[in-house]
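There are 2 protein chains.
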Amino acid sequence: MNTSPTAQLAAFAAGLRFDDIPTPVIRKTEDLLVDWFGSAIAGKGSRPVETLTKFAASMGPSDGAAEVLIDRSRSSAYFAAMANAAASHVAEQDDVHNGSVFHPATVVFPAALAMAQTLGSSGQQLLTAAVAGYEVGIRVGEFLGRSHYKVFHTTGTAGTLAAAAAAGSLLGLNAAQMQHAFGSAGTQSAGLWEFLRTAADSKQLHTAHAAAAGLMSACLARDGFTGAAQILEGPQGMAAGMSSDADPAKLTDGLGTRWATVETSFKYHASCRHTHPAADALLQVMQVNQLTPADLERVVTHVHQGAIDVLGPVVNPATVHQSKFSMGTVLGLVARFGHAGLVEFDQHFQDDLTVALRDKVVMELDAEVDAAYPRRWIGKVTVTTTDGRTLQGRVDEPKGDPGNTLSRDEITAKAHRLAAFSGGASEAEMARAIKALWAIAQSPRIGPLLAGAA
Amino acid sequence: MNTSPTAQLAAFAAGLRFDDIPTPVIRKTEDLLVDWFGSAIAGKGSRPVETLTKFAASMGPSDGAAEVLIDRSRSSAYFAAMANAAASHVAEQDDVHNGSVFHPATVVFPAALAMAQTLGSSGQQLLTAAVAGYEVGIRVGEFLGRSHYKVFHTTGTAGTLAAAAAAGSLLGLNAAQMQHAFGSAGTQSAGLWEFLRTAADSKQLHTAHAAAAGLMSACLARDGFTGAAQILEGPQGMAAGMSSDADPAKLTDGLGTRWATVETSFKYHASCRHTHPAADALLQVMQVNQLTPADLERVVTHVHQGAIDVLGPVVNPATVHQSKFSMGTVLGLVARFGHAGLVEFDQHFQDDLTVALRDKVVMELDAEVDAAYPRRWIGKVTVTTTDGRTLQGRVDEPKGDPGNTLSRDEITAKAHRLAAFSGGASEAEMARAIKALWAIAQSPRIGPLLAGAA
Numbered sequence: 001m002n003t004s005p006t007a008q009l010a011a012f013a014a015g016l017r018f019d020d021i022p023t024p025v026i027r028k029t030e031d032l033l034v035d036w037f038g039s040a041i042a043g044k045g046s047r048p049v050e051t052l053t054k055f056a057a058s059m060g061p062s063d064g065a066a067e068v069l070i071d072r073s074r075s076s077a078y079f080a081a082m083a084n085a086a087a088s089h090v091a092e093q094d095d096v097h098n099g100s101v102f103h104p105a106t107v108v109f110p111a112a113l114a115m116a117q118t119l120g121s122s123g124q125q126l127l128t129a130a131v132a133g134y135e136v137g138i139r140v141g142e143f144l145g146r147s148h149y150k151v152f153h154t155t156g157t158a159g160t161l162a163a164a165a166a167a168g169s170l171l172g173l174n175a176a177q178m179q180h181a182f183g184s185a186g187t188q189s190a191g192l193w194e195f196l197r198t199a200a201d202s203k204q205l206h207t208a209h210a211a212a213a214g215l216m217s218a219c220l221a222r223d224g225f226t227g228a229a230q231i232l233e234g235p236q237g238m239a240a241g242m243s244s245d246a247d248p249a250k251l252t253d254g255l256g257t258r259w260a261t262v263e264t265s266f267k268y269h270a271s272c273r274h275t276h277p278a279a280d281a282l283l284q285v286m287q288v289n290q291l292t293p294a295d296l297e298r299v300v301t302h303v304h305q306g307a308i309d310v311l312g313p314v315v316n317p318a319t320v321h322q323s324k325f326s327m328g329t330v331l332g333l334v335a336r337f338g339h340a341g342l343v344e345f346d347q348h349f350q351d352d353l354t355v356a357l358r359d360k361v362v363m364e365l366d367a368e369v370d371a372a373y374p375r376r377w378i379g380k381v382t383v384t385t386t387d388g389r390t391l392q393g394r395v396d397e398p399k400g401d402p403g404n405t406l407s408r409d410e411i412t413a414k415a416h417r418l419a420a421f422s423g424g425a426s427e428a429e430m431a432r433a434i435k436a437l438w439a440i441a442q443s444p445r446i447g448p449l450l451a452g453a454a
Numbered sequence: 001m002n003t004s005p006t007a008q009l010a011a012f013a014a015g016l017r018f019d020d021i022p023t024p025v026i027r028k029t030e031d032l033l034v035d036w037f038g039s040a041i042a043g044k045g046s047r048p049v050e051t052l053t054k055f056a057a058s059m060g061p062s063d064g065a066a067e068v069l070i071d072r073s074r075s076s077a078y079f080a081a082m083a084n085a086a087a088s089h090v091a092e093q094d095d096v097h098n099g100s101v102f103h104p105a106t107v108v109f110p111a112a113l114a115m116a117q118t119l120g121s122s123g124q125q126l127l128t129a130a131v132a133g134y135e136v137g138i139r140v141g142e143f144l145g146r147s148h149y150k151v152f153h154t155t156g157t158a159g160t161l162a163a164a165a166a167a168g169s170l171l172g173l174n175a176a177q178m179q180h181a182f183g184s185a186g187t188q189s190a191g192l193w194e195f196l197r198t199a200a201d202s203k204q205l206h207t208a209h210a211a212a213a214g215l216m217s218a219c220l221a222r223d224g225f226t227g228a229a230q231i232l233e234g235p236q237g238m239a240a241g242m243s244s245d246a247d248p249a250k251l252t253d254g255l256g257t258r259w260a261t262v263e264t265s266f267k268y269h270a271s272c273r274h275t276h277p278a279a280d281a282l283l284q285v286m287q288v289n290q291l292t293p294a295d296l297e298r299v300v301t302h303v304h305q306g307a308i309d310v311l312g313p314v315v316n317p318a319t320v321h322q323s324k325f326s327m328g329t330v331l332g333l334v335a336r337f338g339h340a341g342l343v344e345f346d347q348h349f350q351d352d353l354t355v356a357l358r359d360k361v362v363m364e365l366d367a368e369v370d371a372a373y374p375r376r377w378i379g380k381v382t383v384t385t386t387d388g389r390t391l392q393g394r395v396d397e398p399k400g401d402p403g404n405t406l407s408r409d410e411i412t413a414k415a416h417r418l419a420a421f422s423g424g425a426s427e428a429e430m431a432r433a434i435k436a437l438w439a440i441a442q443s444p445r446i447g448p449l450l451a452g453a454a
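These protein sequences, in sequence, are chains A and B.
Here the first sequence stands for residues 1 to 454, where the numbers follow full-length UniProt numbering.
Here the second sequence stands for residues 1 to 454, where the numbers follow full-length UniProt numbering.
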C-alpha cells in the first residue's frame with residue numbers, strides 16, 4: 001500500500017520542505033501568487049461570484065482569521081477558500097498548466113491562503129504549500145487524461161486534491177494523513193462541462209467546491225478521518241469512474257526532480273486557454289502581412305480535439321463569459337484590438353463587427369496540433385483574405401507559456417489592470433499588497449492581504 | 001429545453017403541493033421520517049460522525065436556527081444538514097429504495113429539516129419537500145443505472161439532486177430555478193466506492209457532502225445562480241461522465257402518478273442492504289429445518305452482480321463498519337442470534353464462532369436473482385449441513401420491503417433501540433420527539449426536535 005502511486009504522491013506532498021525547493025521554483029511560485037491575486041480581485045462585481053460569496057456569508061461565521069478578498073470580510077478558512085476560489089476563475093485570466101489542462105492557482109492559493117491566515121503560517125510555509133498543491137494537482141490532471149477532460153472540468157476534479165495537498169502541507173500532515181486527505185478529496189471530486197451549453201455559472205461553483213472540499217479533507221485527516229488508500233488508481237477510484245485513458249505513472253513522474261510548477265503558463269488573453277494559440281497565430285499573420293480586420297474573408301484554425309470539445313458547442317455566445325469560449329469571438333476581438341482583454345470582451349463581444357468576424361472563423365482538427373497536445377499548445381491558422389490570398393500563421397508557444405513568459409513587471413501590470421477593471425482594490429492598495437507579496441518569502445506570519453484597506 | 005427530462009423533473013419538484021400527494025404517500029413519508037430520526041440519533045459517538053460534526057462546528061457559526069441532532073448544538077442550515085447527514089448513514093439502518101439502490105432518508109431529511117427549521121416551515125411543507133426529494137433522488141438513481149453503481153455510491157451522487165429538490169421545495173423555487181438548482185447539484189455530484197477497500201470513513205462524507213451541496217444549490221438558485229439545463233442527460237452531464245447504461249425515460253417515469261416514495265424499504269438488519277435477502281433466506285431455512293449454527297457446513301448465497309461488486313472485496317473485515325459489508329459476517333450473526341443488529345455487530349463481529357461461520361459462506365452469481373435486481377431483491381441460499389443434507393432457502397421480499405414492511409410500532413421500537421445503542425437521546429426524549437413526529441402534518445412551524453432536551 002505504501003508504494004502505490006497515491007501513497008508516493010501523498011508522501012511527497014507531506015514531506016516537502018521549503019529548503020528542498022530550488023530557488024527558481026520559489027521565484028516562479030511568487031510570480032504565480034501575484035498573478036493569482038490579481039485574478040482573485042478581478043472577481044469583484046461578478047454576479048455568480050457575489051452570489052457565492054453571499055451564500056458563504058449567510059452560512060458561515062461573521063468573523064474569523066481568513067480573508068474574503070472581494071469584500072474584505074472575514075470568515076472561517078472553509079468559506080474564505082470557497083469565496084476566493086469562486087472569485088479567481090471568473091475573469092479567465094488565472095494561470096494554466098498545459099499538460100494537465102488544469103488551472104492550479106484558482107484552487108491552490110485560496111485554500112493555502114485561508115489556511116495560512118488561520119494558522120498564522122509563515123510566507124515560506126505558504127509558498128511550500130502552494131508548490132505541494134501545484135505538483136499534486138498537475139500530476140492528477142495529467143493522470144486523469146484526455147478522456148476525463150472531455151466531460152469533466154479537471155480544475156474542479158483534480159482541484160480537490162490540489163487544495164487538499166496545499167492545506168495539508170500547512171497543517172503539517174504526515175504521509176499517512178495526507179493519503180487520507182487525498183482519499184476524502186478525491187471522493188468529493190466533481191465538475192461537469194455541461195454548464196457551458198447554456199452559459200451557466202457552474203465554473204465558479206467548481207473552483208469554490210474544489211478549494212473548500214480539499215481544505216475540508218485536509219482538516220478532517222488531521223483529526224483522524226480516513227479516506228480510501230488509492231482513490232486515484234484503485235479499481236473503484238477516480239480513474240475507474242471518470243477516465244478511460246488514465247496513466248498511474250503520471251502521478252509520480254519526476255517527483256522532487258521535475259518541478260511541474262514552473263511549467264505553468266500565465267494567461268495573456270482573457271479567454272479560455274484553448275483559444276490562445278490560434279489567437280496568437282492570427283495576430284502573427286496579421287502583423288507580418290499588415291492585415292486589417294476588413295482583409296479577413298475566412299480564418300481556419302487548426303486545433304486539437306480538446307478545443308473542439310470545449311469550444312464547439314458555443315456557436316452564438318449570449319453572455320460575456322460564454323463569449324470567452326467562442327473561438328470566433330476571441331479571434332474577432334484579437335483582429336480588431338490586437339488583444340482580447342476584459343474590457344474588449346465586456347464592451348465589444350456582441351458588436352456587429354465582432355459578430356461578423358466571428359462567423360468567418362471555423363475550427364478544424366489538425367493532426368500535428370492534436371498529437372503535440374496537451375504538452376505543447378501549437379497555434380496554426382490559415383487566413384483567406386478578401387483579395388484572394390491564402391496566408392499561414394503559426395506560433396509554437398503562446399504568450400505566457402514558459403518559453404514566452406511574462407516578466408514581473410508584466411505580471412504586476414496585469415494585476416493592476418484586473419483590479420482596475422473590477423474596482424476590487426485601488427491602485428494604491430494593489431501596489432501595497434503586491435509589494436508585500438513579492439517579499440512574502442520573508443514574511444514570518446501571513447496576515448490579511450488587504451488589511452485596513454477598506 | 002423546457003420539455004427535457006431534467007426540465008420535467010424539476011417542474012414536478014417545484015410544483016408539488018401537499019394536497020397533490022395521496023394520503024398513503026404522506027403516511028409512508030411520516031414512517032420514513034421517524035425511521036430516519038432514529039438513524040440520525042444513532043450516529044452519536046461514531047468517530048467519523050463526531051469528526052465531521054467537529055469540523056462543521058469549527059467552520060460554521062456558533063448559533064443558528066438549524067439543529068445538529070447528535071449534540072443539540074445550533075448552526076446554519078448548511079452545516080446542520082452536513083452533520084445530520086453524516087450521522088444518519090453510519091448505523092446502516094436508514095432506508096433504501098431497491099430499484100435505484102439509493103438511500104433517500106440520509107440525504108433528503110437532513111437538508112429538509114435544516115431548511116425547514118431555518119425558514120420556519122410547516123410540517124406539511126416539510127413532508128412535501130421530503131416527497132419531492134424522494135421522487136427526484138430515486139428517479140435519478142434509476143436513471144444512472146447499474147454501471148454507475150459499480151463505481152459510484154449512488155446515495156452520494158443522486159443525493160445532491162435529492163437534497164436540492166427537498167431544500168428547493170421549501171424555498172419555493174419555481175420550475176426554472178429548480179432546474180438551475182439541479183444543475184448546480186449535479187455538477188457537485190460525487191462519491192466513489194474505493195473507500196470500502198480499506199474500510200475508510202468516506203460513506204459519512206458522501207452523505208454529508210450530498211446534503212450540504214444540494215442545500216447549497218437550492219439556496220444559490222433562489223439567489224439567481226444558474227446551472228446546466230440538462231445536467232442529467234446532456235452530452236457532458238452526469239450520465240455522460242459517470243454511466244454507460246443511463247436511461248432518460250427513468251427520470252420522468254410516472255411523475256405524479258407513480259409514487260416512488262412508497263416503494264422505499266426499511267432496513268431490518270444493521271448491514272449493507274445487499275446482505276439482507278440472503279440473511280432472511282438463511283433465517284427461513286434454519287427456522288423451517290430447525291437448524292443451529294453447528295449444523296452449517298457450507299452456505300452458498302445466490303446473489304446479483306451488484307452484491308458481488310460491493311461485498312466481494314470484503315474478505316476479512318477489520319472494523320465494525322466493514323463487517324456490515326461482509327456477507328459471511330452478516331450470515332454468521334444471523335445464524336447465531338436470529339438477527340444482525342447494532343449490538344450484534346458491535347460485540348460479536350470478530351468472535352471465533354462468527355469468523356468460523358463467516359468462512360463457510362460464499363457468494364455465487366445467480367441468473368434469476370440478477371435479472372430481477374434491482375426491482376426485486378430475491379434471497380436464495382443453499383445450505384449444506386454437517387450431516388450431509390442440502391437445503392434451499394428463499395424469500396421474495398426481505399423484511400422491511402413494501403410487501404413485508406414494518407408497522408408503526410416496529411418503526412418506533414427500532415428508533416428507540418437505535419437511540420439506546422448510541423446514547424444519543426434518553427427514552428423519554430425519544431418518546432416525546434417521536435410522538436411529535438407522528439403528528440408533524442399538524443405542525444404549523446418546525447422547531448428543534450430535541451429542544452430543551454439537553
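Each residue gets a CB set at the ideal place from its N, CA and C atoms; glycine is no exception.
Below-8 Å beta-carbon distance, residue i vs any chain A residue
i	result
B/Ile231	yes
B/Phe152	yes
B/Glu194	yes
B/Gly120	no
B/Lys54	yes
B/Asp359	no
B/Gln236	yes
B/Val25	no
Member of the options whose CA lies at the smallest distance from the CA of residue i
i	options	result
A/Ser58	B/Leu215, B/Ile446, B/Phe55 and B/Asp409	B/Leu215
B/Glu368	B/Leu437, B/Val303 and B/Gln8	B/Val303
A/Leu437	A/Arg408, A/Ser426 and A/Ala420	A/Arg408
B/Ile446	B/Leu119, B/Met82, B/Lys28 and B/Gly43	B/Leu119
A/Pro48	B/Ser184, B/Thr319 and B/Val314	B/Ser184
B/Ala167	B/Gly145, B/Ala190, B/Gly137 and B/Thr275	B/Gly137
B/Met242	A/Trp259, A/Ala190 and A/Phe266	A/Ala190
B/Thr386	B/Gln287, B/Ala105 and B/Val299	B/Val299
Closer than 8 Å to chain B by CB, residue i
i	result
residue 456 of chain A	Shown here, chain A extends from 1 to 454; a query on residue 456 of chain A therefore has no answer.
A/Pro61	yes
A/Gln197	Per the sequence shown, residue 197 of chain A should be read as Arg rather than Gln. Yes, A/Arg197 lies at the interface with chain B (some Cβ there is under 8 Å from its Cβ).
A/Phe79	yes
A/Ala167	no
A/Cys219	yes
A/Ala279	no
A/Ala453	In this prediction, A/Ala453 has a pLDDT of 42, which is less than 50 and means its spatial position is unreliable; what the coordinates show is noted afterwards. Judged by the 8 Å Cβ criterion, A/Ala453 is not in contact with chain B.
Within chain A, partners of residue i - CB distance below 9 Å
i	result
B/Thr106	Simply none; closest approach about 16 Å.
B/His206	Thr187 and Gln188
Interface residues of chain B facing residue i [CB-CB closer than 8 Å]
i	result
A/Asp351	Under the 8 Å cutoff, chain B gives no residues; its nearest Cβ is about 25 Å from A/Asp351.
A/Gly224	Arg47 and Thr51
Inter-residue CB distance, residue i and residue j (contact presumed, cutoff 8 Å)
i	j	result
A/Ala13	A/Ser169	6 Å
A/Thr53	B/Leu220	Not really, about 11 Å apart at Cβ, beyond 8 Å.
Interface residues of chain B facing residue i [CB-CB closer than 9 Å]
i	result
A/Ser426	By Cβ distance, chain B contributes nothing, its closest Cβ being about 28 Å from A/Ser426, past 9 Å.
Residue i: contacting residues in chain B (beta-carbon distance under 7 Å)
i	result
A/Phe325	Ordered by position in chain B, no residue passes the 7 Å Cβ test against A/Phe325, which lies about 13 Å from the chain.
A/Asp247	Correct list: empty, because the minimum Cβ distance to chain B is about 18 Å.
* Hey, which unbroken runs of the beta strand (DSSP E) at 3 residues or more fall wholly within the segment 273–303 of chain B? -> 296–303
* Length at least 3, wholly inside the segment 388–445 of chain B: the beta strand (DSSP E) runs in chain order -> 390–395
* Contiguous beta strand (DSSP E) assignments of at least 3 residues, all confined to the segment 54–92 of chain B -> 66–68 and 73–75
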